[in-house]
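Protein chains in written order, with full-length UniProt numbering: chain Z, 1 to 201; chain X, 1 to 201; chain E, 1 to 201; chain D, 1 to 201.
In this text, a Cβ means the ideal position worked out from N, Cα and C, and glycines have one as well.
Predicted model, so just to flag it, every value in this text is computed and none were measured.
Heads up, the thing below is written out as structure tokens.
Protein chains: 4
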Amino acid sequence: MTLEKEDYKEEQRNKVLAGALECFAQKGYEGATIDDIVNESGVSKGSIYKLFKSKEEIYFQLMSQNSKELMDEINAVISKHTSALDKLTALFTEYLGREVNSKVFKSFLVQSEFELFSSRREDLRELLEERRRAKVNIISDVIHEGINNGEFRKEIDITVHADIFWSYMHGNITHKILYPDLPYQELVNGQKESFLKKIRK
Amino acid sequence: MTLEKEDYKEEQRNKVLAGALECFAQKGYEGATIDDIVNESGVSKGSIYKLFKSKEEIYFQLMSQNSKELMDEINAVISKHTSALDKLTALFTEYLGREVNSKVFKSFLVQSEFELFSSRREDLRELLEERRRAKVNIISDVIHEGINNGEFRKEIDITVHADIFWSYMHGNITHKILYPDLPYQELVNGQKESFLKKIRK
Amino acid sequence: MTLEKEDYKEEQRNKVLAGALECFAQKGYEGATIDDIVNESGVSKGSIYKLFKSKEEIYFQLMSQNSKELMDEINAVISKHTSALDKLTALFTEYLGREVNSKVFKSFLVQSEFELFSSRREDLRELLEERRRAKVNIISDVIHEGINNGEFRKEIDITVHADIFWSYMHGNITHKILYPDLPYQELVNGQKESFLKKIRK
Amino acid sequence: MTLEKEDYKEEQRNKVLAGALECFAQKGYEGATIDDIVNESGVSKGSIYKLFKSKEEIYFQLMSQNSKELMDEINAVISKHTSALDKLTALFTEYLGREVNSKVFKSFLVQSEFELFSSRREDLRELLEERRRAKVNIISDVIHEGINNGEFRKEIDITVHADIFWSYMHGNITHKILYPDLPYQELVNGQKESFLKKIRK
DNA sequence: TATGAATGAGCCTTCATTCAT
DNA sequence: TATGAATGAAGGCTCATTCAT
Numbered sequence: 001m002t003l004e005k006e007d008y009k010e011e012q013r014n015k016v017l018a019g020a021l022e023c024f025a026q027k028g029y030e031g032a033t034i035d036d037i038v039n040e041s042g043v044s045k046g047s048i049y050k051l052f053k054s055k056e057e058i059y060f061q062l063m064s065q066n067s068k069e070l071m072d073e074i075n076a077v078i079s080k081h082t083s084a085l086d087k088l089t090a091l092f093t094e095y096l097g098r099e100v101n102s103k104v105f106k107s108f109l110v111q112s113e114f115e116l117f118s119s120r121r122e123d124l125r126e127l128l129e130e131r132r133r134a135k136v137n138i139i140s141d142v143i144h145e146g147i148n149n150g151e152f153r154k155e156i157d158i159t160v161h162a163d164i165f166w167s168y169m170h171g172n173i174t175h176k177i178l179y180p181d182l183p184y185q186e187l188v189n190g191q192k193e194s195f196l197k198k199i200r201k
Numbered sequence: 001m002t003l004e005k006e007d008y009k010e011e012q013r014n015k016v017l018a019g020a021l022e023c024f025a026q027k028g029y030e031g032a033t034i035d036d037i038v039n040e041s042g043v044s045k046g047s048i049y050k051l052f053k054s055k056e057e058i059y060f061q062l063m064s065q066n067s068k069e070l071m072d073e074i075n076a077v078i079s080k081h082t083s084a085l086d087k088l089t090a091l092f093t094e095y096l097g098r099e100v101n102s103k104v105f106k107s108f109l110v111q112s113e114f115e116l117f118s119s120r121r122e123d124l125r126e127l128l129e130e131r132r133r134a135k136v137n138i139i140s141d142v143i144h145e146g147i148n149n150g151e152f153r154k155e156i157d158i159t160v161h162a163d164i165f166w167s168y169m170h171g172n173i174t175h176k177i178l179y180p181d182l183p184y185q186e187l188v189n190g191q192k193e194s195f196l197k198k199i200r201k
Numbered sequence: 001m002t003l004e005k006e007d008y009k010e011e012q013r014n015k016v017l018a019g020a021l022e023c024f025a026q027k028g029y030e031g032a033t034i035d036d037i038v039n040e041s042g043v044s045k046g047s048i049y050k051l052f053k054s055k056e057e058i059y060f061q062l063m064s065q066n067s068k069e070l071m072d073e074i075n076a077v078i079s080k081h082t083s084a085l086d087k088l089t090a091l092f093t094e095y096l097g098r099e100v101n102s103k104v105f106k107s108f109l110v111q112s113e114f115e116l117f118s119s120r121r122e123d124l125r126e127l128l129e130e131r132r133r134a135k136v137n138i139i140s141d142v143i144h145e146g147i148n149n150g151e152f153r154k155e156i157d158i159t160v161h162a163d164i165f166w167s168y169m170h171g172n173i174t175h176k177i178l179y180p181d182l183p184y185q186e187l188v189n190g191q192k193e194s195f196l197k198k199i200r201k
Numbered sequence: 001m002t003l004e005k006e007d008y009k010e011e012q013r014n015k016v017l018a019g020a021l022e023c024f025a026q027k028g029y030e031g032a033t034i035d036d037i038v039n040e041s042g043v044s045k046g047s048i049y050k051l052f053k054s055k056e057e058i059y060f061q062l063m064s065q066n067s068k069e070l071m072d073e074i075n076a077v078i079s080k081h082t083s084a085l086d087k088l089t090a091l092f093t094e095y096l097g098r099e100v101n102s103k104v105f106k107s108f109l110v111q112s113e114f115e116l117f118s119s120r121r122e123d124l125r126e127l128l129e130e131r132r133r134a135k136v137n138i139i140s141d142v143i144h145e146g147i148n149n150g151e152f153r154k155e156i157d158i159t160v161h162a163d164i165f166w167s168y169m170h171g172n173i174t175h176k177i178l179y180p181d182l183p184y185q186e187l188v189n190g191q192k193e194s195f196l197k198k199i200r201k
């Protein structure tokens, strides 16, 4: 009953978020209108505003949700492998295989815009930083593990390399989004090799 | 006289573009209003619309100009050095030293937004591609030179590595813009080493 | 059973009207939403619309009910006294003693807004007039009685003085609502004296 | 030049305020839309929002302006007479003669709504009080003068009677607005007599 | 029957663009 | 030519009312 109702609301919320993701990916945050989201999600304007306080809140919740999903996916990939090297390799190749039209890429596109958006707003700086920490921590843990395993060198600065990893990812995925016809695979392979060469024993 | 007039117009145009850069950097393309640009540039609204057809045109011309300036700067850096290795090294360190508030970073921020913007518009895809080619060509030339010089390995795929170079740059600068308090220098050094290690003999 | 059902409906209707009074008093007619009334009354939206055709109808019925209640209260006060003078005196003092937060004052506040509202709507003019007649009649009767009793002067225009009475009341209560910290009692006493002095023999 | 421009803006502002007065009088503050004001004033929506920050600001400025105008009018009436008694008498009769459709009555109607509006908003309480003070002061001064002149009794509480004066006025004008067909004149005369009888020697 | 989710007209406000001076 | 006032389309959001369960 109450549970069902909550489930239903959750479902509606997800429909809105899914529609918003599509719209923001297609037209950008400012370019997408609530009516666009209404059309895309099939949820009426009034309902949307019962579910979310404002367009901005939709944006934030979408970003938050996507961020969590990204983390979950990464953790899923990581847990499929045992050696630290395999884990990192898998992360590189994992994103490599996706379609540019896949949800992951759409999310990334919207996340990229959100990052620019946040960088202009003092009140979102902390959120940005928090998200960076989450991403860095995941990779730091793997590198740490690799060092303990004897796979990676002791001397490397773990945090810096985790940051470098994400900087690679960022440049990479952006590249693929902007220039979808490029020989992306070779590019990623190149970066993967560079990165791993630096940290492997 | 006509020349003088032309000069004056040029000057006004530049004032508008400079103002627009500032505004777009601070508020984003959609967030910045024509009135913002009027205030920032000191050029009246009427004049702006005499100089440019629309807000979008200001955007495009600003992006085009910035793109050229970027190329000029890069060429300037490159021509200060003789060996290919020094040239690439300088490019890495050149950006490394800038202030996040410098014009280069502002330009980059706005360029980043523009790239997302373009990626959503079919009619700008070609422009995007063109700009990529320009950037890739500069680096390709240096790598090519390095190969001929015997500094770099013969076997490497020149274009792919030029792309990788820019992917690095992108991830890098984005990182610095988003997280200005990070130990950016170490990060860039790390990437520089990775990259150069891969292509050097 | 049908009777019981009718009672129940009546009870619900009253809950809605009570809630509406509270809401309209706090936020004004336009400012109060149906949801406010739902929250305040504890009656669901669907039920409210089963009980009343529209928000406006709630307003009208509330005003009508309040008007009747006001008349009842006045009659109650009047019937407690025997001389006409005492009756009028009691009416002055009766309102004097109330709390600004009392239901009477809330009603008055909402009635005041309703009067302005009605004065702008041709179709409500007659209703307005009718309510005035009811109020004037009550006082007219008392004055009439006083004249017959020999308490009041024969020459006074009964209707005019009944109107003056209500004009006093209106200015008075409005004053108290708008400026709750004023020495209201002295004010009312002053008016009471003025009024009574004019009509007493 | 700048002066002219300022004059022009002032003129536009007045057009908007005049239009707003008309609209608010006809439909009430909430009922009147910006589009109504656009139509009534002949000033476009964009221009209105260059002149005023919001609909509420139009409201406040209109109320403030009207309040001042009311004071000016009262002062004008007062200064036409020399004895305190004549001054007060004139104030009673001055309003008596107006048409219900006159600007004064429209203003009063809108002011009445504004008073109810303010009484519901903590942040406007002070403004309300301030306006009461201004009105009370004018009358207090006259009564004071009358006491010094020997026209009025020494013992009366000046402020209380100034308040009573306005309470009369309020009840009075409201009466006329609500029931325009009433024998208003007799009513006012009655009140005038009551009031003056109480304070005269 | 009772509920509250769904709907969408309509509001206030912004801002790119035009136009009169 | 230079200016900024004028315009109104379009967007975010609210809320009275309806409707499905």
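Counting C-beta neighbours from all protein chains within 10 Å, is the total for residue i 16 or more, i.e. buried, or is it exposed?
i, result
"serine 194 (chain X)", "buried"
"threonine 82 (chain X)", "exposed"
"residue 208 (chain E)", "Because chain E is modelled from 1 through 201, residue 208 (chain E) falls outside the range shown and cannot be assessed."
"glutamate 69 (chain D)", "exposed"
"lysine 197 (chain Z)", "exposed"
"lysine 154 (chain D)", "exposed"
"glycine 97 (chain E)", "exposed"
"glycine 146 (chain E)", "buried"
"valine 16 (chain E)", "buried"
"methionine 1 (chain Z)", "Annotation note: pLDDT 49 at methionine 1 (chain Z) (below 50); position unreliable, coordinate value reported separately. With fewer than 16 Cβ atoms within 10 Å of its Cβ, methionine 1 (chain Z) is classed as exposed."
"serine 167 (chain X)", "buried"
"alanine 162 (chain Z)", "buried"
"serine 41 (chain D)", "buried"
"glycine 171 (chain D)", "buried"
"glycine 31 (chain E)", "exposed"
"threonine 174 (chain Z)", "buried"
"glutamate 6 (chain E)", "exposed"
"lysine 80 (chain X)", "exposed"
Contact defined as beta carbons within less than 8 Å: I believe residue i pairs with residue j. What is the distance between those atoms, to the nearest angstrom?
i, j, result
"tyrosine 184 (chain D)", "arginine 132 (chain E)", "The pair is not a contact, with the Cβ atoms about 13 Å apart (cut-off 8 Å)."
"leucine 187 (chain X)", "isoleucine 164 (chain Z)", "6 Å"
"glutamate 113 (chain E)", "leucine 116 (chain D)", "5 Å"
"valine 136 (chain X)", "threonine 159 (chain X)", "6 Å"
"asparagine 149 (chain X)", "alanine 84 (chain X)", "6 Å"
"alanine 90 (chain E)", "valine 77 (chain E)", "5 Å"
Let me check understanding here. Comparing Cα to Cα, which of the options lies closest to residue i?
i, options, result
"lysine 55 (chain X)", "X:Gly28, X:Ile78, X:Met169", "X:Gly28"
"lysine 192 (chain Z)", "Z:Leu88, Z:Leu124, Z:Lys176", "Z:Leu88"
"lysine 106 (chain D)", "D:Phe24, D:Glu10, D:Glu126, D:Ile199", "D:Phe24"
"lysine 9 (chain X)", "X:Glu30, X:Asp35, X:Asn39, X:Val43", "X:Val43"
"serine 67 (chain E)", "E:Lys5, E:Leu109, E:Ile177", "E:Leu109"
"isoleucine 156 (chain D)", "D:Gln111, D:Arg200, D:Lys80, D:Leu128", "D:Arg200"
"leucine 124 (chain D)", "D:Ile139, D:Ser140, D:Ser64, D:Ile34", "D:Ser64"
"aspartate 72 (chain D)", "D:Ala134, D:Ser140, D:Arg13", "D:Ala134"
"isoleucine 58 (chain X)", "X:Glu130, X:Glu129, X:Glu126, X:Glu22", "X:Glu22"
Across which residues does DSSP place residue i in a beta bridge pair?
i, result
"arginine 200 (chain X)", "X:Phe152"
Is there contact between the region 120-132 of chain X and the region 18-28 of chain E, where contact requires at least three CB pairs shorter than 8 Å? Because the criterion of three Cβ pairs below 8 Å is not met, the region 120-132 of chain X and the region 18-28 of chain E do not touch.
Can at least three beta-carbon pairs, one atom from the region 41-52 of chain X and one from the region 45-52 of chain Z, be found at a separation below 8 Å? no
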